[in-house]
Amino acid sequence: MHPIAPSRPFATLPATAGVGFKPQHFDAILADPREVGFFEVHAENYFGAGGPPHRRLTALRERFPLSIHGVGLSIGGAGRLDPDHLARLATLVARYEPEAVSEHLAWSSHGGVGFPDLLPLPLNEETLARVVEHIDETQEALGRRMLLENPSTYFRFAESTIPEVEFLAEVARRTDCGLLLDVANVDVSATNHGFDPRAYLAAFPMEQVGEIHLAGRFETVDDAGLPLFIDAHDSPVADPVWALYGEVIGRIGPVPTLIERDDAIPTWEVLAAEVARAGAILDGARGGRRDAA
Amino acid sequence: MRPEPLPSHGARQTAFAAALLDAAMPIPDGLVAPGGGPVGRRFAVHRATSTLGSIGALATRHPVLERLLGAETFVDLARAFLRVDRPRTALLIDWGGGLPDFVAGHPDLAEWPWLADVARLEVAWSEAHHAAEAAPIGLVELAAIDPERLAAGRIVLHPSLRLLASPWPVAGIWAANGEIETIEAGAEHMVVVRPGADVLVHPTDAAGFAFAAALAHGARLVDAAAGALDIDAGFDAGAHLVGLVRLGAVVAVEAVTEEIAA
């Protein structure tokens, strides 16, 4: 039994293009608020009690739909969730009532040490049970359904026994959570492991997807000279990712879509142009399957 | 020969975390690259991300310290600090408050004794920046309070208020963003507070500092003033209280109720 009624939607963001909020863009956004469908913020940047971060977020929230994206709950860890972290996330969600709340299939603390990173986990029956427990606990604490994001990974674990898409689908089935499909992560992982991103996307449980992420990656090579893509969020969305995204939207119809940029932040005009590019793809798909459903 | 049993998730994380923390440790077993190739550069992505993320958080909080040291030296300092004080969780907003003491105790930095207090001012600024909101009272509200009630009352200071004293002119160094030719010793006392959107760094003197510190600890106004008078016989408590109100540092005056024995 699950505490959250499955009839409640997992996210109520509009099927438009949004962007990760950066404080340096605040004035430009308020000067011309028409270009963006919604904003997303990293939850942990608003774990303070007050001050300019909350003043800006309050002003944004009055004008735009909002997505709160956690990057440090450590849902993929073996240990229990940090009750203080979960309580602060719940306080933030209660304060801003966002249209979506999401977190990662990853871990970021263990044994009393924190890592500001999204660390990978083996995918098997043991970790599946743990992730399900953690999402049940999170959704109970938040009083709502959340979205779980597919990871970008650089290597596999010998003890993994469940393909990633199956793992995510099973988590969603057991917890009633939705999924956040990061198309850029799919392309990063496909490159790093040598699988076909289209096969991954064909198998992905699209009916569970409440939001899509797009971001740039850093391209390098591993010790053997094989391509190694790093999920750096420091550059524009790459053309192959735009192609995959267009195919997904063509297949399933418009889905709330976020442009993520967390490093080498460009001017608002440059970022807004990327948002507009996603918006044009969504507009091109209006009247598709989702709207007809 | 039986193969080694595969690690449980917790054991896997323990080994993984240990290898992240110590770059001299071998990469954990059981990480797989395509074709069974080497995983060194792949694992190194995670080593770099955690370290650079933590250093980046310190740099964001300490722009003036970074400028005074230079970017390269600051990174060396941050790496050394990370070896003794790791974030407890991935939540960096709560971590790094120990950096000023680390700077103070660092033998290579002993030649620049003001650096630790610059770092303390930056920590105070950051704490004030993130502190809870509260509406300050104005001079009109202060004037409306009966003088006897005021003297016997407790002055509730803004939750963002921090007090700092240094034997060095750190507010000046900080305000100049580290671009200062010569630094001469000279004691400085500061009130750091964020009554509205902006953090203010306001100079005061030793008696004013003692007065505000006593108020912050819940002393009645008369007692706080008496303590300040011990430091400076010419101390004017009324003027200092007006100064704090003007700064936006006072949010209420509370009556002190007689404690009733149980």
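Chains as they are written, first to last, in our numbering: chain U, 1 to 293; chain C, 1001 to 1262. Glycine included, C-beta positions come from ideal geometry on N, C-alpha and C.
Between the segment 127–135 of chain U and the segment 237–244 of chain U, the count of C-beta pairs closer than 8 Å stays below three; the two stretches do not touch. Here aspartate 182 of chain U is bridged, per DSSP, to U/His213. Listed in chain order, the non-local C-beta contacts of aspartate 222 of chain U below 6 Å within the same chain comprise Leu228, local neighbours out to five positions each way being set aside. Residues of chain U with a Cβ closer than 7 Å to the Cβ of valine 1039 of chain C are, in chain order, Phe155. Only exposed fits leucine 30 of chain U, as fewer than 16 other CB atoms lie within 10 angstroms of its CB.
Fully enclosed alpha helix (DSSP H) runs of no fewer than 4 residues are not present anywhere in the segment 1185–1211 of chain C. Partner residues in the beta bridge of histidine 110 of chain U, as assigned by DSSP, are U/Val113.
Taking a contact as a CB-CB distance under 8 Å, the pair threonine 1204 of chain C and histidine 1189 of chain C counts as one, their CB atoms being some 5 Å apart. Contact with chain C is found for aspartate 117 of chain U, since one of that chain's Cβ atoms lies less than 8 Å from the residue's Cβ.
Residues of chain U with a Cβ closer than 8 Å to the Cβ of leucine 1068 of chain C do not exist, since the nearest Cβ in that chain sits about 24 Å away. With a cutoff of 8 Å on beta-carbon distance, alanine 1017 of chain C and glycine 37 of chain U are scored as not near each other. In the three-state reduction of the DSSP assignment, leucine 13 of chain U falls in the coil class. Counting the other CB atoms within 10 Å of its CB gives asparagine 185 of chain U a total of 16 or more, which places it among the buried residues. Taking the CA atoms as reference points, alanine 1219 of chain C sits about 39 Å from glycine 114 of chain U. When DSSP reads this structure, leucine 258 of chain U sits in a beta bridge with U/Gly18 and U/His213. Judged by DSSP in its simplified three-state form, serine 1166 of chain C adopts strand. For leucine 121 of chain U against glycine 194 of chain U, the beta-carbon gap comes to about 20 Å, at or over 8 Å, which does not count as contact. Between leucine 1164 of chain C and alanine 1124 of chain C, the C-beta spacing is below 8 Å.
Its Cα nearest to that of glycine 20 of chain U, the residue U/Leu271 stands out among U/Leu271, U/Arg277 and U/Arg55.
Among the residues of chain C, those whose CB is under 7 Å from the CB of threonine 127 of chain U are His1009, following chain order. Between the segment 144–155 of chain U and the segment 1038–1048 of chain C, the count of C-beta pairs closer than 8 Å reaches three or more; the two stretches touch. Excluding sequence positions up to five before and after alanine 1224 of chain C, its CB lies within less than 6 Å of the CB of Phe1211, Ala1214 and Leu1215, all in the same chain and listed in chain order. Against leucine 121 of chain U, the close residues of chain C are His1009, Arg1012 and Gln1013, in the order they occur along the chain (beta-carbon pairs closer than 9 Å). For valine 1201 of chain C and valine 1192 of chain C, the gap between their C-alpha atoms comes out near 5 Å. Listed along chain U, the residues sitting closer than 8 Å to isoleucine 1093 of chain C by beta-carbon distance are Glu44, Asn45, Phe47 and Gly48. Along the length of the segment 230–256 of chain U, whole alpha helix (DSSP H) runs at least 4 residues long occupy 239–252, reported in chain order. Residues of chain C whose Cβ lies closer than 9 Å to the Cβ of glycine 194 of chain U are, in chain order, Pro1034 and Gly1035. Taken atom to atom, the span from the alpha-carbon of glutamate 126 of chain U to that of proline 163 of chain U is near 14 Å. In the three-state reduction of the DSSP assignment, serine 160 of chain U falls in the coil class. Residues of chain U whose Cβ lies closer than 7 Å to the Cβ of valine 1045 of chain C are, in chain order, Tyr154 and Ile230. Closest option to alanine 158 of chain U, judged by alpha-carbon separation, among U/Leu123, U/Glu140, U/Leu105 and U/Gly246: U/Leu123. With a cutoff of 8 Å on beta-carbon distance, glycine 1096 of chain C and alanine 1057 of chain C are scored as near each other.
Counting only the Cα atoms, glycine 246 of chain U lies some 44 Å from glutamate 1133 of chain C. For phenylalanine 218 of chain U, the beta-bridge partners assigned by DSSP are U/Ile230. Between valine 71 of chain U and glutamate 40 of chain U a beta carbon distance of about 11 Å is seen, past the 8 Å cut, so the two are scored as non-contacting.
Counting along the chain, the unbroken beta strand (DSSP E) around phenylalanine 39 of chain U starts and ends at 39–42.
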